[in-house]
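J.: Those protein sequence lines, which keep their order, are chains G and E.
Per full-length UniProt numbering, the first sequence starts with residue 1, numbered consecutively.
Per full-length UniProt numbering, the second sequence starts with residue 1, numbered consecutively.
Below is a structure I'd like to ask you about.
2 protein chains.
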Amino acid sequence: MPELRQDPVSQRWVIIATERAKRPSDFKPPHQEKNGSTGCPFCPGHEKETPPEVLAFRVAGTAPDTPGWRVRVVPNKFAALAPGDDVAIENRGLYRTMSGTGAHEVIIEGPDHNTFFPDMAPDHAVQVFKAWRQRYLQLSRDKKLQYIQLFKNHGRTAGASLEHPHSQLIATPLVPVTVSQEMDRFKSYWQEQESCLLCDVVEAELEAGARVTGFNSEFLAFCPFASRFPMETWIVPRRHQTGFGDCDDVQLKQLGAIVQETLGRLKKAAGDPPFNLVLHTAPLHQDDVIYHWHLELLPRLAIVAGFEWGTGIYINPTPPEIAAQSLNEIKLDQEALA
Amino acid sequence: MPELRQDPVSQRWVIIATERAKRPSDFKPPHQEKNGSTGCPFCPGHEKETPPEVLAFRVAGTAPDTPGWRVRVVPNKFAALAPGDDVAIENRGLYRTMSGTGAHEVIIEGPDHNTFFPDMAPDHAVQVFKAWRQRYLQLSRDKKLQYIQLFKNHGRTAGASLEHPHSQLIATPLVPVTVSQEMDRFKSYWQEQESCLLCDVVEAELEAGARVTGFNSEFLAFCPFASRFPMETWIVPRRHQTGFGDCDDVQLKQLGAIVQETLGRLKKAAGDPPFNLVLHTAPLHQDDVIYHWHLELLPRLAIVAGFEWGTGIYINPTPPEIAAQSLNEIKLDQEALA
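Set out below in structure tokens:
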């Protein structure tokens, strides 16, 4: 059973992931991303190599855990957090632990090993986000869970240990510090300005224009003013909306389109770099939350090193205004964005 | 001139490092660490390829910026922050900026391209930390600077763009959030317990023993209870001491020894992995600070990916108790540690 531990100095939580347990000697051969579909457990025909599916969008009449699916969600075989009956907190002197109760799932985005998200048919891209939402809504009913983190790692150095296009969901039994700090900030801004911080950022960015990389009727994509990484891009709903679970079908369609466009531009502008695409959303089971959900795309084009670890300050060699200009110069294949 | 920018949502600061400016197209060839001493600007005989030295421990009678040095400190040619006359803060609507006033220096740890820190003569290792302290004390007199971050990146994926053994110093015009959050925690612990949090951690770790990897009369090395990375190790002074600048000659000698031992064990246990060694110390010019300086060694044996970015929670596949056991099994060459 995995265990959550809190550091007494930073108050940071870590998951000691016993299901992924490694002795230090296991690290000698560096972490490798498998290339090519041979032996890929996410390819059709290999459904028995994953735990049984918890959701699949598949051709009518095909059986679970067989080919015929378009998007397939399975529990992670090496889960960082796992279902449990309760959430126990224990204090051992200076140290605090919490049982590693939660969920860890993999959203296999499509049957084709080599078709990455920006190159999928537009209605297929929407189905990926439909799977995100369906699992989000299902798990959000569990009172033991406090937060649902959806994310996509692309490329070995961004943490993708398998190449087949996939995203992940990890549900945690606590509200992550990143989220609670942002919520505090939304709250104090609301108290001062009587408006939503991110609604105001969207308005300011549309007006300034210099950092905008794309928009449609429901979403704005822009390189944030204080980007940590070259070509960092945030995708924000233009409606004020607290949590991802509220995203409706009209929005979902526009979300698929703008994420495809944004990833497509990044791929062409920087030669398919590794990236993390990370959902920021409100915690579960809380009333009167002031928040505005969004996605943060972090291209791993600068290395987090000693200075960043020590200070929490990032060094970005590319101003977001220049990054946005370069991204906007990219010509995209129109039919992929139809 | 570099510029500091604050993100309105996370309140995180970033340095837009115009001296290191890159257009997105510059990223297409991946970041490469040069191998071998050919053309290395830090090797003896290449002193003119760096800015003029600000400190060197050298053979009597040798001229500045010529061979004959044992440890040499130079301004970083591609400085993230640079000296300036003042620190101007500007608010532009939702966004805040600060002038990128500070310092960025490189401590070239020795003349030999291939002798890494754990393999140096013990008195040489002490001289490296003497250079750290001397530059720290010199810069700490500047009232425009609020914090001095000393760190060492080892290996390409940990951010070392040059292979020649070196560490770095970046002085910032603000107190980093990482440090102010830790200070808050030290303060509240002091108010509750009337003792220093890290003094109590040192005592608890010595008593428990399971996570200790080394100690001498002045320092304790241990894998922290909530380690983020496999074999993460903290090196903490056993005396209560607020800032690194107070470290005396007796301590400096023991610091050289325990860092050599700790890095030597890591190198053997995990096959010379990339790492960051990061100083945590009190800010400058503040009275009545409650803090306890220390070094954090972060082996980059787990990848920071979407989950960590979204939540601030780390997934560590190796419990620190197992990491400490493996590190303790390593037999070190005694003469290197004499």
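Glycine residues also receive a C-beta, built at the ideal position from the N, C-alpha and C atoms.
Computed from a prediction, not measured in an experiment: that's the story for all the values here.
So E/His280 contacts chain G; which residues on that side make the cut at Cβ distance below 7 Å?
T.: The answer, in chain order, is Gly310.
J.: Which complete alpha helix (DSSP H) runs does the segment 230–286 of chain E hold, if anything under 4 residues is left out?
T.: Entirely contained in the segment 230–286 of chain E, the alpha helix (DSSP H) runs reaching 4 residues are, in chain order, 249–270.
J.: Distance check for E/Ile313 and G/Val87, CA to CA, integer angstroms please.
T.: So the alpha carbons of these two residues sit roughly 17 Å apart.
J.: Which chain G residues sit within Cβ distance under 9 Å of E/Arg12?
T.: What E/Arg12 touches in chain G: Ala226, Arg228, Gly312, Ile313 and Tyr314.
J.: Nearest to E/Pro64 by CA position, among E/Ala80, E/Lys77, E/His46 and E/Ala79, is which residue?
T.: Out of E/Ala80, E/Lys77, E/His46 and E/Ala79, E/His46 has the C-alpha closest to the C-alpha of E/Pro64.
J.: Could you tell me the alpha carbon to alpha carbon distance between G/Pro319 and E/Ile148, rounded to whole angstroms?
T.: Answer to the nearest angstrom: the Cα atoms are 25 Å apart.
J.: If you measure from the beta carbon of G/Leu332 to each beta carbon in chain E, is any gap under 7 Å?
T.: Answer no: the Cβ-Cβ gap between G/Leu332 and chain E never drops below 7 Å.
J.: May I ask you to list the residues that DSSP assigns as paired with G/Ser149?
T.: Checking the sequence shown, residue 149 of chain G turns out to be Gln, not Ser. According to DSSP, which records beta bridges pairwise, G/Gln149 is partnered with G/Ile170.
J.: If we cut at 7 Å on Cβ distances, does E/Val177 have a partner in chain G?
T.: So, interface residue.
J.: For G/Glu321 and G/Ala208, I'd like the C-alpha separation in whole angstroms.
T.: Each residue's Cα considered, the two are about 11 Å apart.
J.: Does the Cβ-Cβ distance between G/Ala226 and E/Arg5 come in under 7 Å?
T.: Yes. Within cutoff.
J.: Compare the C-beta of residue 403 of chain G against all C-beta atoms of chain E and say whether one is closer than 7 Å.
T.: In the structure as shown, chain G starts at 1 and stops at 338, and residue 403 of chain G therefore has no counterpart that could be examined.
J.: Apart from the five residues on each side of it in sequence, which residues of its chain come closer than 6 Å, Cβ to Cβ, to E/Gly159?
T.: Within the same chain, E/Gly159 has close Cβ partners Asn153.
J.: Any idea if E/Asn76 is buried or exposed, counting beta-carbon neighbours within 10 angstroms, 16 or more meaning buried?
T.: Buried, by the Cβ-count rule.
J.: List the DSSP bridge partners of G/Ala221.
T.: In DSSP, G/Ala221 forms a bridge with G/Gly214 and G/Ile235.
J.: If the cut is a Cβ gap below 8 Å, which residues of chain E does G/Val201 touch?
T.: Near G/Val201 (Cβ distances below 8 Å), the residues of chain E are Pro8, Val9 and Leu94.
J.: Mind checking whether G/Phe117 and G/Leu332 have CB atoms under 7 Å apart?
T.: No, Cβ-Cβ distance for G/Phe117 and G/Leu332 is not below 7 Å.
J.: Which partner residues of G/Leu81 appear in the DSSP bridge assignment?
T.: BP columns for G/Leu81 are empty, so no partner.
J.: Answer yes or no: does any C-beta atom of chain G fall closer than 7 Å to that of E/Pro317?
T.: Yes, its Cβ sits closer than 7 Å to a Cβ of chain G.
J.: Answer with yes or no whether the minimum CB distance from E/Phe170 to chain G is below 7 Å.
T.: What sits at residue 170 of chain E in the sequence shown is Ile, not Phe. It does; some Cβ of chain G falls within 7 Å.
J.: When the cut-off is 7 Å and only beta carbons count, does G/Glu321 lie next to chain E?
T.: No, G/Glu321 lies away from the interface with chain E (no Cβ there is under 7 Å from its Cβ).
J.: If we count Cβ pairs, one from each stretch, closer than 8 Å, do we get three or more for the segment 287–294 of chain E versus the segment 229–249 of chain E?
T.: Touching, yes.
J.: Against E/Arg5, what residues of chain G qualify as contacts under a CB-to-CB distance less than 7 Å, listed in chain order?
T.: Near E/Arg5 (Cβ distances below 7 Å), the residues of chain G are Phe225 and Ala226.
J.: If G/Pro8 and E/Leu197 are in contact, beta carbons under 8 Å, what's the gap, nearest whole angstrom?
T.: Correct: roughly 6 Å between the Cβ atoms.
J.: Short of 8 Å Cβ to Cβ, which residues in the segment 264–288 of chain E face chain G?
T.: So the list reads Ala269, Ala270, Gly271, Pro273, Asn276, Leu277, Val278, Leu279 and His280, given in the order they occur along the chain.
J.: For the segment 184–210 of chain E, list every residue whose C-beta sits within 7 Å of some C-beta in chain G, in sequence order.
T.: Flagged, chain order: Arg185, Leu197, Leu198, Asp200, Val201 and Ala204.
J.: Taking all protein chains shown into account, decide if E/Ala60 is buried (16 or more other Cβ within 10 angstroms of its Cβ) or exposed.
T.: Its Cβ having fewer than 16 others within 10 Å, E/Ala60 is exposed.
J.: Relative to the C-alpha of E/Cys40, which residue among E/Pro165, E/Gln191, E/His104 and E/Tyr136 is closest?
T.: Taking only the C-alpha atoms, the option nearest E/Cys40 is E/Pro165.
J.: Is the closest heavy atom of the ligand ATP to the C-beta of G/Thr318 under 6 Å?
T.: As presented, the structure is devoid of all ligands, the ligand ATP included, so that no description of it is given.
J.: For G/Phe78, does the count of other Cβ atoms within 10 angstroms reach 16, so buried, or fall short, so exposed?
T.: Exposed is the call here.
J.: Using a Cβ-Cβ cut-off of 7 Å, state whether E/Ala336 counts as contacting chain G.
T.: With a pLDDT of 47 at E/Ala336, under the threshold of 50, the modelled position of this residue cannot be trusted, and the question is left open.
J.: As a quick exercise: from E/Asp248, E/Asp249 and E/Glu261, pick the residue whose alpha carbon is nearest that of E/Trp234.
T.: Answer by Cα proximity: E/Glu261.
J.: Can you tell me where the beta strand (DSSP E) with G/His294 in it begins and where it stops?
T.: His294 to Pro299 is the extent of the beta strand (DSSP E) around G/His294.
J.: For residue 343 of chain E, tell me which candidate among E/Arg12, E/Met1, E/Thr18 and E/Gly84 has the shortest Cα-Cα distance.
T.: Only positions 1 to 338 of chain E appear in the structure, and residue 343 of chain E is not among them; the question remains open.
J.: Take G/Ile315 and list the residues in its own chain whose beta-carbon comes closer than 8 Å to its own, dropping the five residues that flank it on each side.
T.: So the qualifying residues of the chain are Ala302, Phe307 and Glu308.
J.: So G/Val126 packs on G/Val73, CB below 8 Å; how close in whole Å?
T.: That pair is no contact at about 16 Å.
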